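Heads up, the thing below is written out as C-alpha cells.
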Amino acid sequence: MPPLEDVGNEDEEDYKYPVGGDLSLIARRALTQFDDAFPEEIPSFVISAAGIKVDQEKVKAIQEWPMPTSITQVRSFHGLASFYQRFVKDFSTIAAPLTDVIKKSVELWLPTKLETLELRKCDNLVKVPEGFHLALLQELHIYECPSLISFLESGLPSSLQVLKIEHCKNLISLVHEEEYSNCAATCLESLVIRNCPSLKSISSANGSLPARFKHLSIRYCPTLQCLSWGKLPDNLRNLEIYDCDNLICLSSSCELPEALESFQIWSCNRLESLKATLPKSLKSLLICNCGQLKWITDRFDGNNCLQYIYIKWRKDLGSLPEGLHHLINLGTLIIEKCEKLVSFPQGGLPASNLRMIYVICDNMVAYPRGIQNLIFLKRLEISYSEGFIKVLEEVGFPPNLSSLTIRNLKVCKPLLQWGLHRVTSLRELHLSGEATDMVSFPPEPEEEEEKEEENVDDELQGKMMLPNSLTTLNIESFKNLDRLSAGIQCLTSLQYLSICYCEKLSSFPEGGLPLSQISWLNNMA
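If you read the sequence shown in this note's numbering, its first letter stands for residue 347, the second for the next number, and so on.
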C-alpha cells in the first residue's frame, strides 16, 4: 500500500470547477480517487454559487478521528482521508499513529492471490489476526515471533497445505477449541513445529487433527502431552516426534494410523506404550531414548513393507518381537545401547534383503544362527560378545561383506580362526577394544606354530590373516599394541590407515609399509 501522504497528490487545480460545469464529470473524477472496496466512504463537495468547495465537516472529522486500534478502523480512516488529506493541516502528524497499528496487524493489504507467506521476527505479533482470508494461500511459515500465543480465531485458511512454526516460545495452542471445525475442514497436509516450549495442544479437546494430514513433525516442545485427544488422521504417512519430554500418549486410543509409512520418536521419556500391532504399511521405524516405553509390538505380523528398524537406548527392552525373520524387505537393522537385550528371536534374521546390521549391545549373549546365509549383507557392525564369537567359529562371516566393525574387542586370538582373509569382498575393517593380547597387528602366530610351517607359501598365508582387498584399516584403543607385523605388507590395496590411542606402538615391520598404496596415514598414538 502506498503511504497515505502519496494518495491523491495531483494538482489541486484538478478539483476546481466553475459553476455550470459538467457535474457528472465532476462526480466521475471524484470517484476515481477512492478504493473500490470502500465506496461508502466517497467524499463529497459542497457546490454553491461560489463554486465547488471542500466539505468542512469531513475535514473536521479527520482532525478529530479517534485513535485507531484495529485494521477496520484504519481502513475507514483511509477511505475518508485519502482524498481530504491535502486540505487538512498537519495531516502527517494526525496519521502517524497508524504506523504502530500497521506493524501489529501484519495481514493488512496482503495480496489476495498470495500463495506463500513467511512471517519472521515479528516481536509484537500476539495472534494471527482476524480477517486472515487468503483464498489461495498454500504455505505459511512463522519464525521467531516470541509474543505469538495462539493461531487463528477463524480457523486455518481453507487452501493452506503446509504450516511451519519455529521458535515461538509463547505459543500455547494451534487453534481455539470452538473453531476446531474450521481447522478440520482445511486442506492442511503438512505441519512442522519446532522449539515451541509452551505448546500444549495442536488439536482441540473435542476433536482430532485435520483429516488430510500426511506429514506431522514436532520437535523440542517439552510441554506437549498429547498429539490428539481424538485419533490420529487416517491418511497420516509420516510422523516425527523429537524431544517432547512430557508426551504421555500419541492419541486417546494409542493407535497408529493404518496408512503410516514412517514413524520416528526420539527422547520422549514419559511415553509408556503404543498399540500392540504396527501398521502393515510401515516402512521405517525409529525409536530412541524412550525410557518408559514398555513395548513396541508383540510380534511383526504382516509387516512386509518394513525396510528400516532403528532402536536405541531402550533400557527395559529384553527381547525383540517375534517374527523378525518374516520381514522380507528389511534392509537395515540397527540396535544400540539396549542394556537388557541378550538375544535375538528364535527365527533369526531375514536373509532375502538385509544389507546392514548394526548391533552394539554389550550384554548380548545369543546371536542368530544362519548368519552365513545373509548373502546380501554388506555392512556388519557389532560389539564383542561370547555369543557372536561362537557363531563365527561355527559358520564364519557372511560371504559378501564390504565393511566390518568390531567394538570392545576383548580377545585377539579368535581373529586367527575366523577366516577373515577368505572374505575377499571386504574393503573396510575397523577394530577397537581392550584386548590385552593384541601385541602386534596383524596378530602373529605363536612361535611353535610358525616352526611347523612347511613352506614359504604356508608361512605367508600365516601372515595374511586379513584379505588383501582392504582399502581402509582403522585400529583403536589397544593399550598393549607395540608393533605392526609383516602381515600388513600384504595389504597391497590399502589406501587409508588409522592407528589411534595405541600408546605403546613403537615399531613398524622391516621394509616399512606399502606407502606407495597408502594415501592417508593417521597415527594418534
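Glycine included, each C-beta is placed from N, C-alpha and C at the ideal position.
A quick note: this is a predicted structure, and the numbers were derived from the prediction, not measured.
If only complete runs of 3 or more residues are kept, the region 601-631 shows the beta strand (DSSP E) at 608-612, in order along the chain. Taking the Cα of Leu-628 as reference, the smallest distance to any Cα among Glu-668, Gly-637, Ser-597 and Leu-676 is reached at Leu-676. For Lys-560, the closest of Leu-602, Phe-722, Arg-540 and Thr-818 by C-alpha to C-alpha distance is Leu-602. The way I'd put it, the region 810-829 does touch the region 838-850; three or more beta-carbon pairs between them come closer than 8 Å.
Of the candidates Gln-402, Cys-600, Leu-617 and Ile-633, Cys-600 places its Cα closest to the Cα of Thr-623. Taken through DSSP and simplified to helix, strand or coil, Cys-836 comes out as helix. Ser-519 and Ile-511 have their alpha carbons spaced roughly 12 Å apart. Note that the C-beta distance between Ser-504 and Thr-532 is below 8 Å. The beta carbons of Phe-609 and Leu-639 sit about 12 Å from each other, so the pair does not count as a contact at 8 Å. Residue pairing by DSSP places Glu-668 opposite Arg-645 in a beta bridge.
Counting only residues of its own chain and dropping the five nearest sequence neighbours on each side, Leu-738 has a CB closer than 7 Å to the CB of Trp-764. Leaving aside the five residues that flank Gln-718 on each side, the residues in its chain whose CB is nearer than 8 Å to its CB run, in chain order, Val-741, Gly-742, Phe-743, Pro-744 and Pro-745. Around the beta carbon of Ala-481, fewer than 16 other beta carbons lie within 10 angstroms, which makes this residue exposed.
Counted as a single uninterrupted DSSP element, the stretch harbouring Ile-594 is not any beta strand (DSSP E), since DSSP gives it neither H nor E. Per the C-alpha coordinates, the member of Leu-562, Leu-494 and Cys-590 positioned closest to Asp-580 is Leu-562.
Per DSSP, Val-741 lies in no beta strand (DSSP E) segment; the continuous alpha helix (DSSP H) that holds it begins and ends at 732-741. Here the C-alpha atom of Pro-412 lies approximately 12 Å from the C-alpha atom of Lys-406. Following the DSSP letters along the chain, one finds Ile-539 inside the beta strand (DSSP E) bounded by residues 536-540. Non-local C-beta neighbours of Ile-548 in its own chain, meaning closer than 6 Å and more than five positions away in sequence, comprise Leu-520, ordered along the chain. Each residue's CA atom was taken as its position, placing Asn-709 and Thr-782 some 20 Å apart.
Rounded to whole angstroms, the Cβ separation of Ile-752 and Leu-777 is 6 Å, and the two are in contact under 8 Å. If you look at Tyr-588, you'll find it in the beta strand (DSSP E) that goes 584-588. In this structure Ser-598 touches Lys-577 by the C-beta definition: roughly 7 Å separates them, less than 8 Å. Counting the other Cβ atoms within 10 Å of the Cβ of Arg-660 gives 16 or more, which makes it buried. Leu-673 is the residue among Leu-673, Asp-644, Arg-715 and Asn-635 whose C-alpha sits nearest the C-alpha of Cys-651. DSSP, read as helix, strand or coil, puts Arg-773 in coil. With 16 or more neighbouring CB atoms inside 10 Å of its own CB, Thr-643 falls in the buried class. When the Cα atoms are used, Cys-542 and Gln-841 turn out to be separated by approximately 48 Å. Asn-820: member of the beta strand (DSSP E) spanning 818-822, first to last residue.
In this model, Gln-692 and Leu-502 are separated by some 51 Å (Cα to Cα). For Asn-826, the three-state secondary structure derived from DSSP is coil.
Contact between Arg-829 and Ser-844 does not hold, since their C-beta atoms are separated by about 17 Å, which reaches or exceeds 8 Å.
Sixteen is the threshold: when 16 or more other Cβ atoms of the shown chains lie within 10 Å of the Cβ of Gly-779, as they do, the residue is buried. Of Glu-410, Leu-483, Tyr-489 and Ser-731, the smallest CA-CA separation from Val-508 is found for Leu-483.
Residues Ile-735 of the same chain have their beta carbon placed closer than 6 Å to that of Pro-760, with the five preceding and five following residues left out of the count.
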